[in-house]
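Report on the structure given below.
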Amino acid sequence: MKNLHNYFQLAAEEALLATCTRARCGSVIVTNDGEVIGRGHNAPPLEDEDQRTCNEDWDPTSKPKYDKTCCVHAEWNAILDACKKAPEKLGAATLYFMRIDDDGNFTNAGEPYCTVCSRLALQSGVARFALWNEGEQTYTTAEYNKKSYEYHRKRLQKID
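Quick note on numbering: the sequence shown equals residues 1183 to 1342 in the numbering used here.
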């Protein structure tokens, strides 16, 4: 098995392709034997610039944090790619998510918070979800989903 840092590097390379104006994110889905079965970066649907609505004025309270953009998330694109190429291998695969800065350097992903990504990963059968936060943090997709919802529960408690 390759060094896990290499998988995050592959996700960072994918993030270099991102066309989202708000974040540069990339994901790869890798089987236990090291085969990359899915790749994705954040971009408008179908990479079609006519579908870009990121630059329109949105009321910041009208959409949740994870949906302040028009772009399809890197995780969604990687999952869709893997579902097309090797759906039977998702049950033994890890999704590696990477966020980079404008210079292509690794940045921390933060806590699990996107419930859409967590549910899609869980529903598609991806076994594990890995984030970069000063190093690798890996969760089962069920754990990642629970942590994403816990993040929002904590935020609501702070508001009350």
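Glycine included, C-beta positions come from ideal geometry on N, C-alpha and C. These numbers were taken from a predicted model, which means no experiment stands behind them.
Query raised in the report: Under the three-state reduction of DSSP, which class applies to residue 1403: helix, strand or coil?
Result: The structure shown does not extend to residue 1403, since the chain is modelled only from 1183 through 1342, so no value can be given for it.
Requested in this report: Assuming residue 1196 contacts residue 1221 (C-beta within less than 8 Å), just tell me the rounded distance between them.
Outcome: Within the sequence shown, residue 1196 is the residue found at index 14, counting from 1. Within the sequence shown, residue 1221 is the residue found at index 39, counting from 1. A Cβ-Cβ distance of about 5 Å is found for the pair residue 1196 and residue 1221, placing them in contact under the 8 Å criterion.
Query - Candidates 1202, 1216, 1214, 1219: closest to residue 1231 by CA position - result: One-based indexing of the sequence shown puts residue 1231 at position 49. Closest option to residue 1231, Cα to Cα, is 1202.
Query raised in the report: Among the residues of its own chain, which have a CB less than 8 Å from the CB of residue 1171, if the five just before and after it don't count?
Result: For the chain, the structure presents residues 1183 to 1342; residue 1171 sits outside this window and is missing.
Query - Boundaries (first-last residue) of the alpha helix (DSSP H) holding residue 1187 - result: By one-based count along the sequence shown, residue 1187 stands at place 5. Membership of residue 1187 in the alpha helix (DSSP H) is indicated by the continuous run 1186 to 1197.
Query raised in the report: Grouping DSSP H, G and I as helix and E and B as strand, with all else coil, what is residue 1320?
Result: Residue 1320 sits at position 138 when you count from the first residue of the sequence shown. If DSSP states are grouped into helix, strand and coil, residue 1320 belongs with the strands.
Query raised in the report: Where in the segment 1209 to 1297 do unbroken runs of the beta strand (DSSP E), each at least 3 residues long, occur, reported from the N-terminal end onward?
Result: The qualifying runs are 1218 to 1223, 1275 to 1282.
**Report entry** Buried versus exposed, by CB contacts within 10 Å (16 or more), residue 1277
**Finding:** Locating residue 1277 in the sequence shown gives position 95, where the first residue counts as 1. The residue is buried, with at least 16 neighbouring Cβ atoms inside 10 Å.
Requested in this report: Could you please give me the residues that DSSP links to residue 1207 through a beta bridge?
Outcome: Taking the sequence shown and counting its residues from 1, one reaches residue 1207 at position 25. When beta bridges are read from the DSSP output, residue 1207 appears opposite 1281.
Query raised in the report: What are the boundary residues of the beta strand (DSSP E) that residue 1312 is part of?
Result: The sequence position of residue 1312 within the sequence shown is 130, counting from 1. Looking at the DSSP string, the run of the beta strand (DSSP E) that includes residue 1312 is 1310 to 1314.
Query raised in the report: Between the C-alpha atoms of residue 1183 and residue 1340, what's the straight-line distance to the nearest angstrom?
Result: Position 1 of the sequence shown, counting from 1, holds the residue named residue 1183. Position 158 of the sequence shown, counting from 1, holds the residue named residue 1340. Any reading at residue 1183 needs caution, since the residue's pLDDT is 42, under 50, leaving its predicted position unreliable; the model's value is listed next. Approximately 42 Å, taken between the alpha carbons.
Query - Contacts around residue 1271, its chain only, beta-carbon distance under 6 Å, and the 5 residues preceding and following it disregarded - result: On the sequence shown, residue 1271 is found 89 positions in, with the first residue counted as 1. The residues are 1213, 1219.
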